[in-house]
Amino acid sequence: MTEPHACTDPARGELVGRDEEMSRLTAVLGEARSGRGAAVFVSGEPGVGKTRFAAEVIAGARAAGMLAVRGGPGTVDGAVPYRPLVEALLALARTGRLPAPGEPGGHGRVLARLLGGNGGIGGGGGTGAVRARSSVVPPLTAAEAILRTIAGAGGRRGFLLVLDDLHEADPGTLAVVDYLVDQLAAVPVVLLATTVPVRGVGHGAVAALAARAHRTLALAPLAPADVRRLASDELRAGRGEPAPELVRRVTGRVVDECGGLPFAVRELARELATCGAPAATGVPPTVAADVLRRTERLGPDATRLLGVAALFGDAFAVPALACATGRAEEELAPLLRAAAHAFLLVPDPADPERLAFRHALAGRALREGLAPGERTRAARRAVRAMAEGHPGLPGPWCARAAALHAAAGDTEAAVRHYAEAARRATAEGAPDRALTLLTTAHGLVSPAVPPEARAAVRERLLDAAVLTGHLAALPADALDLPCDGHGLPAPRRAALHARLARVHSLAGRPEEALRHLDLARWLLGGPGDLGGPSGPSGLRDSRDDAEAVALVELAAAHVEPSRLAPERLRTAATAARRALATALAADLPESAGRTLLALGHLTRNTDADTAAQHFARARTLVPGPAGIPLRIAADGCLAHLVMWRDGVAAAVEEVRREALRAGLAPQAHELGVALALDRVRRGESAAARELIRDGEADASHRGLGRAVALWRLADAVRAAHRGRRDELREALERFDPVADAAPGLRAMESGLARGFCSLLEEDREAAEREFAQALACHAENPATGDFGRYGVALLCGVLAGRAGRRHHDRATAASAAEARWNRPFAGLADAVLLGREGRPDRATAAAGAALRAAAPYPLARHLGLRLVARAAYEDGWGAPAEWAREAEEYFHGAGLPAVAGACRALLRSMGAPVRQRRSGTELVPPGLRRCGITVREFEVARLLAKRFGNRDIAGRLHISPRTVEKHVASLLQKTGHPNRAAFASAARELVAGAAP
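To get my numbering, take the position in the sequence shown, counting from 1, and add 50.
So this is what it looks like as structure tokens:
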């Protein structure tokens, strides 16, 4: 008998993908309540959700005031006569609505016989008694008694009778249903019967009933979008919001493996959510049990024969199965037809000559159900059949052959075929698939496998991990080399260490990365030396050895920036040039392309045009599908350069989406961080925060420690650009443990985060200190990213008189000054210098150009206006009053009172009218508000709590010392403190905005 699938409780989340069917059933229920009943047959293959759908219909009927009961054929004890109807009547009896045996009309006695007793629920004798007594009730008599009972019980409210799996019901139940179908139109009763689509012989009676039903509904498998939604709902059920990467990986698997069947989707999603490692999960026990139960009903050999078929993969050819089982095709044909009728097999969509399992989980369950000895024998026969039927093992056959070799116990052949399948996947632009294949191969590696094969698997596995960013999926022993390096020559071992250096660099472990780099260089004899422990003999003459040299130097280009040394960027660029020369000389286009990307990154801040040429050249070196990852990486670099120069982000967003589709996580994260910073600068803080949150979660899940550090720095910059010191402090506390995972982040922390926040707090001294700290970090260990040196820090230096014309011109000659974010600040710095030089017209023109450059970035525009307005007023250029007023409006609206107050003070000093602002009382603590403390007095109180003197407070708040003196006296009088020292001691909590 068919066992109802799990997840039938309508309270377990929303019914997904059945809106149209539910709408039709709701209309039928409404007609029944108006007196017009109907018989509705709902068909669908096992697992499609018929039981869950019926449960939702029952819930809807009860919500509308109807009575609703259900019954089914059961799973044990054979075919009990009228079993579904008896179950439904017993449910009705529990409500007290069954007539007594002696009631007028006589059908009470009929029901008592059906139920095996003298009425109600109370009969005795067990199932055997029910079978004996109910079997003597003629079907027509039973049908009329049931019809009168349910019609009377429902009354005007209507009645819903649900019969599950009618195709499994006994003949008596079918005869009753046959009668009801003819009678229901005149009574307020809906009969909802679920069944499978009619296939083969044995279901003719059910097919005839369905043909006469008033309504028929066919439940199709869910569409991919609905599968993803259902899986996401299951992941969230009782577990909170799952990580975006987990959702992506789980939904990807359920779409690929479940065939759109809700039962399989829910069970697999639940299993994946529980284990937390989608790649390692097999078949959920409930799904496996369902598949094996249906298979066993096909005959004694069905499980074994279909298990052998599953060894071929998700699809198989009948001649190959005949060869593997030793059976004739004619002998297998009846079983295969029966399996198709049981919804276990379908024609292969890719090849009508072959059969495929209905979904991937079905084949896997049957394969895992084989006994070990049978699996080994069948796998050996199957691999021979596969090789004969598919010479060269094209397409997916290579990976299938590898699985068969593994099942047959031939580990060496399995590893070899997995490695070849992975090589093909990489060449086809499918790095995720390559990583999965190589991980499987690595798990099979043992001392029995030749050293060459072991090394090849490890090399390709590390390459795939670097490409996809799935570092957390790497087996632990993949990062440990044996002392003898597999017995390989020194150049090959050096290349392995270079690969490990790249993995550790991406993982945010720079010390380990440098250790492996140094080992690789030692094996080659040192940087720039093509000799090594194996001797200096002509490595350039061997393509394999040249490839090793190129890999080591490329690793140096990536890893050397993490070495604490003033010359680290120059060292990295030199290594990149050596790698490029070697790769080009040895005709290694992939290595050459990757090296050009690294060289472009290293030169972008100093020579953006040359960097663009490197990126453009890299994307052309590897044609066809094999070059997809390189082209996406190059396109991302070019798009980033455009956004960096012009402030246009559309291309970066498009390439990032392409990288995500291709499974290239490191590129996607690099572009995502750039997008997040651009959104911060545009003032789109909420969008940036969402991007940062999802990006950091994904990077952490993958083990990309370097990317985690960049995302956390971006979050600190986001808080700083909102002037939120407390948020900045929290973000920096999270950033500090990973700050050294990527080079140059300390300088960016000081400049882009701490220094910028200080400017928005009107603390110029603190900002100057932070910019100086950033420059000091850069001098000791140069940063690859901008930290304000060519923009806001340059403007502050000019305004403070520390930087003059020569310093400005030298700074703006660097490519970094061409960045769209930097141009407003650098241009305003030029305007300030021109004003001091007595050239007001040129100063005004320079300021106009700078403000036009600030169009995408309102914060840059208005901070620049606030910073230069005093200089413009004093030197007689521009429109300082207008600028100060515009800046005041912006900063007041942005909730940055310190800058807004400074702008108002500036307007007053110019003699310009100042708009009064009364907002901000919510910032005053309730206790002080009750004392009558005003917003301005609170601002004075916070500085007083820091033990600032009157002159310092006046400078900070842009008011006179005399005004400060009045505010201090008012504070002491309102709070009852004898002097300012007592007030400062009692008000330490007001120093909440102190710098971290």
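Cβ atoms here follow ideal geometry from the backbone N, Cα and C, with glycine treated the same way.
The continuous beta strand (DSSP E) containing leucine 211 extends over residues 209–213. For phenylalanine 362, no beta strand (DSSP E) segment is defined, and its DSSP state is neither H nor E.
Within its own chain, the residues whose Cβ lies closer than 6 Å to the Cβ of alanine 360, once the five positions on either side in sequence are excluded, are Gly413, Leu416 and Arg417, listed in chain order.
For alanine 526, the closest C-alpha among the options Leu517, Leu538, Leu511 and Ala243 is that of Leu511.
Between proline 134 and glycine 115, the C-beta spacing is not below 8 Å. Nearest in C-alpha terms to alanine 235, of all of Arg207, Thr223 and His264, is His264. Sequence-distant partners of tyrosine 940 (beyond 5 residues in either direction) whose C-beta falls short of 6 Å from its own C-beta, in its chain, are His912.
Each residue's CA atom was taken as its position, placing aspartate 215 and valine 136 some 15 Å apart. With 16 or more other Cβ atoms inside 10 Å of its own Cβ, arginine 654 counts as buried. DSSP places arginine 265 outside any alpha helix (DSSP H); the residue lies instead in the beta strand (DSSP E), whose first and last residues are 265–268. Annotation: the continuous beta strand (DSSP E) that includes glycine 121 extends over 117–121.
When Val788, Ala749, Ala143 and Leu810 are compared, the shortest CA-CA separation from threonine 518 is found for Ala749.
Judged by beta-carbon spacing, glycine 755 lies beyond the 8 Å limit of arginine 466, meaning their Cβ atoms are not closer than that value.
Considering only Ala338, Phe366, Leu385 and Thr324, the residue with the shortest C-alpha distance to leucine 348 is Leu385.
Our two residues, valine 240 and alanine 113, have alpha carbons roughly 15 Å apart in a direct line. Following the DSSP letters along the chain, one finds glutamate 346 inside the alpha helix (DSSP H) bounded by residues 335–346.
Fully contained in the segment 933–994 are the following alpha helix (DSSP H) runs of length 4 or more, in chain order: 947–959 and 976–980. Short of 6 Å from the beta carbon of serine 612, and not among the five residues preceding or following it, lie these beta carbons of its own chain, in chain order: Pro560 and Pro793.
A direct Cα-to-Cα measurement between alanine 365 and leucine 161 gives close to 51 Å. Taking all protein chains in view, the Cβ of asparagine 1029 is surrounded by fewer than 16 other Cβ atoms within 10 Å, so the residue is classified as exposed. Assignment of threonine 489 by DSSP, reduced to helix, strand and coil, places it in the helix class. Excluding five sequence positions before and after alanine 506, the CB atoms of its chain that fall closer than 7 Å to its own CB belong to Ala469, given in chain order. In the DSSP annotation of this structure, the continuous segment of the alpha helix (DSSP H) that includes glutamate 194 starts and ends at 189–204.
A residue is called buried when at least 16 other Cβ atoms come within 10 angstroms of its Cβ; threonine 145 does not meet this threshold and is exposed. A straight line joining the alpha-carbon of leucine 342 with that of threonine 336 spans about 10 Å. Bridge partners of alanine 658 according to DSSP: none are assigned. Between histidine 828 and phenylalanine 806 the beta-carbon gap is near 16 Å, outside 8 Å, which marks them as no contact. In this structure, the alpha-carbon of leucine 721 lies about 18 Å from that of histidine 751. Within its own chain, the residues whose Cβ lies closer than 6 Å to the Cβ of threonine 862, once the five positions on either side in sequence are excluded, are Ala876, listed in chain order.
When the alpha-carbon of alanine 528 is set against those of Val499, Leu488 and Leu567, the nearest one is in Leu488. For a cut-off of 8 Å, the C-beta gap from valine 672 to glutamate 708 is around 16 Å, too long to register as a contact. A straight-line Cα-Cα distance of about 8 Å links histidine 608 and serine 555. Counting only unbroken stretches of 4 or more residues, the alpha helix (DSSP H) elements lying wholly within the segment 367–427 are 368–375, 379–391 and 410–418, in sequence order.
Scanning the segment 596–666 for uninterrupted alpha helix (DSSP H) segments of 4 residues or longer gives 618–635 and 639–653, listed from N- to C-terminal end. The beta carbon of serine 282 sits closer than 7 Å to the beta carbons of Val297 and Thr301 from its chain, once the five residues preceding and following it are set aside; these are given in chain order.
Assigned with DSSP and collapsed to three states, alanine 876 falls in helix.
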